[in-house]
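What follows is a short report on a single structure.
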Amino acid sequence: MNSSRPHTPVPVNRLQIYARSLSPVRSVWLATAWGVGVDLVEPERLQQRMEAHPDLEHELFTATEQQYCHDQADPAQHFAARFCAKEAVVKALRVDGWDPLEVEIRAGDPAPSVHLLGDMAKHAAALDVDVSVSLTHLPTMAMAVAIAVPRERSTPN
36 MNSSRPHTPV PVNRLQIYAR SLSPVRSVWL ATAWGVGVDL VEPERLQQRM
86 EAHPDLEHEL FTATEQQYCH DQADPAQHFA ARFCAKEAVV KALRVDGWDP
136 LEVEIRAGDP APSVHLLGDM AKHAAALDVD VSVSLTHLPT MAMAVAIAVP
186 RERSTPN
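Under this note's numbering, residue 192 is the last one in the sequence shown; the count climbs by one each step, no gaps.
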């Protein structure tokens, strides 16, 4: 290397580096993400609000979500994770003003799934995107990430 000329690093997008380290299929998937959302909630804080406002549980969660959460050992963590997921979905879809009951987070094996209803379903259809979520929770914090990706098109044989 010529010491009279300083080395100038070439700026590289971290996502490009990460995408190169993945399989070609995942690289394409990363490149076509339409939107990403993330949210954090303290389960205790949400539980306190739901206890102070008994109708809040029914305003934020569908009957399916409520049943799932109440069936768990620590419902507060699961309610918080689902609320995070709803917020993350809204952020991924870039929506202002929404009805929490139009975003349902369903239990799944191996991962939860997103079921959109009403205006949220129409919005996602107009954008031609599907939304996936990932949730995690501890006693003190719950988190979710949502990603909106263009719907797969079937190709003719």
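Ideal Cβ positions, reconstructed from N, Cα and C, are used throughout, including at glycine.
Have a look at the options and flag the residue whose alpha-carbon is nearest the alpha-carbon of residue i.
i: Glu137; options: Pro89, Arg80, Thr97, Thr175; result: Thr97
i: Asp74; options: Ser169, Ala156, Leu152; result: Ser169
i: Arg129; options: Glu86, Ala161, Met176; result: Ala161
i: Lys157; options: Trp133, Gln102, Pro89, Phe114; result: Trp133
i: Pro147; options: Pro89, Pro174, Tyr103; result: Tyr103
Suppose contacts are defined by Cβ-Cβ distances below 8 angstroms. Is residue i in contact with residue j by that definition?
i: Arg186; j: Asp154; result: no
i: Glu100; j: Arg117; result: yes
i: Val149; j: Trp69; result: no
i: Ala179; j: Ala123; result: yes
i: Ile140; j: Lys126; result: no
i: Ala115; j: Val76; result: yes
How would you label residue i, buried or exposed, when you count the other beta carbons within 10 angstroms and need 16 or more for buried?
i: Val71; result: exposed
i: Ala111; result: buried
i: Ala177; result: buried
i: His113; result: buried
task = Pick out the complete beta strand (DSSP E) segments inside the region 156 to 184, 3 residues or longer, and give them in chain order.
result = Taking only runs of at least 3 residues, the beta strand (DSSP E) segments lying wholly in the region 156 to 184 are 164 to 172.
ask   = Which residue spans inside the region 85 to 128 form an unbroken alpha helix (DSSP H) run of at least 4?
value = Runs found: 91 to 95, 98 to 105, 110 to 127.
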